[in-house]
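A.B. asks: Structure in structure tokens, see below.
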Ligand SMILES: [Zn+2]
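Residue numbers (the working numbering): 75 to 427.
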């Protein structure tokens, strides 16, 4: 008999509040998970007004000290400056209030100082809102850093629904990426013996399926749409926590997106690029890539290079270099990637301009 040696450890958020006026529950959450001040709120100029000030008022009304750090970038320098602030005011809890950057910075700096972190997303643009992975710019490149899951997540759908709609459509692209990410993970399990969690994979796929089934309801200005998308992003984060890595939500389509970040920086959003990447990688997997494209169309997310705001050459270049991004993560692109001819064909077959 083979000796049993499996061992697993996972960390999940302890409290997740999603919905209308969720922001009102800040004090309940703080009490419920035994958080204490002094509090440091990481935000940017916009998100401070949208949600940060209100959180500060609620915490101050109960006699707590609250301080703000307003950030512009999510780079290592900013993380260092927030770490210094945490030490200076001896913060016991850090809030990250924002779409992406403030959450990434708060996640990373609180982890460094070992203080609890509360994630308050003001937009639903990517699945980092409840995950342990922070995206930080190091030497000009977005780098994924493994930190810890937020202690609590407070996602107010009223606030998220009033953020620019493009962000939410982008979030849908990040969720639909789960399909090809899981297919790549299965491939890595079969060909490379990589450890695999069927529970995490099933949750990740189910999350994408729920998005597909509800895609017609995802429209600008609808709080119900924010509800569907945020729940899916949280659920993708949970799948990553269960897996202990971003595997269930990040495969070849993410490699393609990261390659495009290098080739055509700042043109499209992360989730938008991942969505287009998913169409193409699904075709390589022999799966239903038309369904992916239709879903992205339904939610109003880009489905081709023109809508991404990049050139056809950029797409071909990104496709041929994608396998070099994070090469240890095995995907449908294999170790040698796509030839230029294959990339041309793939773009030709999947993109209708
Ligand atoms: Zn992503």
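Yeah, the Cβ is synthetic: ideal placement off N, Cα and C, and Gly gets one too.
1. Per DSSP, residue 217 is paired with what?
2. What residues in its chain sit with their C-beta under 7 Å from that of residue 228, if we drop five residues either side in the sequence?
3. Hey, out of 284, 421 and 111, whose CA is closest to residue 350's CA?
4. Report the CB separation of residue 374 from residue 243 in whole angstroms; it is logged as a contact under 8 Å.
5. Taking the alpha-carbon of residue 147 as reference, which of 127, 209, 384 and 189 has the nearest alpha-carbon?
6. Under 8 Å by Cβ, that's how I've got residue 431 and residue 176 pegged, so tell me the actual separation to the nearest angstrom.
7. Between which residues of its own chain and residue 284 is the CB-CB distance below 7 Å, once the five residues before and five after are set aside?
8. Nearest-angstrom Cα distance between residue 135 and residue 223?
9. Give me the DSSP bridge partner(s) of residue 141.
10. How many Å lie between residue 308 and residue 205 at the Cα?
11. Quick one: what's got a C-beta closer than 8 Å to residue 207's C-beta in the same chain, skipping five residues either side?
12. So does residue 248 have its beta carbon nearer than 6 Å to some heavy atom of ligand 1?
13. Out of curiosity, what's the CA-to-CA distance linking residue 339 and residue 79?
14. Just reading off the beta strand (DSSP E) that residue 260 is part of, what are its end residues?
15. List in chain order the residues whose CB is within less than 7 Å of at least one heavy atom of ligand 1.
16. Taking the alpha carbon of residue 280 as the point to measure from, which residue in 250, 415 and 297 has its own alpha carbon closest?
17. Taking the Cβ atom as the reference point for each residue, do residue 425 and residue 372 lie within a distance shorter than 7 Å?
18. Using the three-state DSSP reduction, which class does residue 184 fall into: helix, strand or coil?
19. Would you say residue 397 and residue 382 are within 7 Å of each other, going by their C-beta atoms?
20. So what's residue 126 in DSSP terms, helix, strand or just coil?
21. If I follow the unbroken beta strand (DSSP E) through residue 304, where does it start and stop?
22. Looking only at C-alpha atoms, which of 342, 230 and 141 sits nearest to residue 198?
23. Report the residue from 200, 76 and 119 whose alpha carbon sits nearest the alpha carbon of residue 331.
24. Look up residue 229 in the DSSP assignment and say whether it is helix, strand or coil.
25. Taking DSSP as the reference, what is the three-state secondary structure of residue 385?
26. Count Cβ pairs between the segment 351-367 and the segment 245-263 that sit closer than 8 Å; are there 3 or more?
27. Compute the Euclidean distance between the alpha carbons of residue 122 and residue 142, then round it to the nearest angstrom.
28. Whose C-alpha, out of 234, 302, 297 and 318, is nearest the C-alpha of residue 268?
29. Under the three-state reduction of DSSP, which class applies to residue 360: helix, strand or coil?
30. Where does residue 294 land, buried or exposed, given buried means 16+ other C-beta within 10 angstroms?
C.D. replies: Straight from the coordinates:
1. The residue you call residue 217 lines up with position 143 of the chain shown. BP columns for residue 217 point to 210.
2. Along the chain shown, read from residue 1 onward, the residue named residue 228 stands at position 154. So the qualifying residues of the chain are 91, 96, 97, 99, 100, 103, 192 and 194.
3. Counting from 1 along the chain shown, the entry for residue 350 is found at position 276. The shortest C-alpha separation from residue 350 is found at 421.
4. Position 300 of the chain shown holds residue 374. Position 169 of the chain shown holds residue 243. Right, the Cβ-Cβ distance comes to about 5 Å (below 8 Å), so this counts as a contact.
5. Taking the chain shown and counting its residues from 1, the one referred to as residue 147 is at position 73. Closest by alpha carbon: 209.
6. There is no way to answer for residue 431, as the model of the chain reaches only from 75 to 427.
7. As a working mapping, residue 284 is identified with position 210 in the chain shown. For residue 284, where only same-chain residues beyond five positions count, the Cβ hits under 7 Å are 306.
8. Locating residue 135 in the chain shown gives position 61, counting from the first residue. Locating residue 223 in the chain shown gives position 149, counting from the first residue. Rounded to the nearest angstrom, the two C-alpha atoms are 28 Å apart.
9. Working through the chain shown from its first residue, we reach residue 141 at position 67. BP columns for residue 141 point to 114.
10. Here the question's residue 308 lines up with position 234 in the chain shown. Here the question's residue 205 lines up with position 131 in the chain shown. C-alpha separation (whole angstroms): 8 Å.
11. Translated into the one-based positions of the chain shown, residue 207 becomes position 133. Excluding residues within five positions, the ones whose Cβ falls inside 8 Å are 218, 219, 220, 221, 314 and 320.
12. By 1-based counting over the chain shown, the position of residue 248 is 174. For residue 248, the Cβ falls inside the 6 Å cut-off from some heavy atom of ligand 1.
13. As a first step, residue 339 is located in the chain shown; it is residue number 265 there, counting from the start. As a first step, residue 79 is located in the chain shown; it is residue number 5 there, counting from the start. So the alpha carbons of these two residues sit roughly 45 Å apart.
14. Position 186 of the chain shown, counting from 1, holds the residue named residue 260. Run containing residue 260: none in the beta strand (DSSP E); it sits in the alpha helix (DSSP H), 239-266.
15. 200, 201, 248, 251, 323, 324, 328, 344, 345 and 348
16. Residue numbering aside, residue 280 sits at position 206 when the chain shown is read from its first letter. Residue 250 is the option with its Cα nearest to residue 280.
17. Position 351 of the chain shown holds residue 425. Position 298 of the chain shown holds residue 372. Contact annotation: residue 425 and residue 372 have beta-carbon atoms that are not nearer than 7 Å.
18. Locating residue 184 in the chain shown gives position 110, where the first residue counts as 1. Three-state DSSP puts residue 184 in a helix.
19. Along the chain shown, read from residue 1 onward, the residue named residue 397 stands at position 323. Along the chain shown, read from residue 1 onward, the residue named residue 382 stands at position 308. Not a contact, by the Cβ cut-off of 7 Å.
20. Translated into positions along the chain shown, residue 126 becomes position 52. Reduced to three states, the DSSP call for residue 126 is helix.
21. Start at 1 with the first residue of the chain shown, and residue 304 comes out as number 230. Note, residue 304: premise wrong, no beta strand (DSSP E); alpha helix (DSSP H) at 297-317.
22. Position 124 of the chain shown, counting from 1, holds the residue named residue 198. For residue 198, the closest alpha carbon among the candidates 342, 230 and 141 is that of 230.
23. Residue mapping note: residue 331 aligns to position 257 of the chain shown, counting from 1. Out of 200, 76 and 119, the CA that lies nearest to the CA of residue 331 is found in 200.
24. Mapped onto the chain shown, residue 229 falls at position 155. It is a strand residue.
25. Position 311 of the chain shown, counting from 1, holds the residue named residue 385. Residue 385: coil per DSSP, three-state reduction.
26. yes
27. Indexing the chain shown from 1 puts residue 122 at position 48. Indexing the chain shown from 1 puts residue 142 at position 68. When only Cα atoms are considered, residue 122 and residue 142 end up about 9 Å apart.
28. Translated into positions along the chain shown, residue 268 becomes position 194. The shortest C-alpha separation from residue 268 is found at 318.
29. Translated into positions along the chain shown, residue 360 becomes position 286. Residue 360: coil per DSSP, three-state reduction.
30. One-based indexing of the chain shown puts residue 294 at position 220. Its Cβ having fewer than 16 others within 10 Å, residue 294 is exposed.
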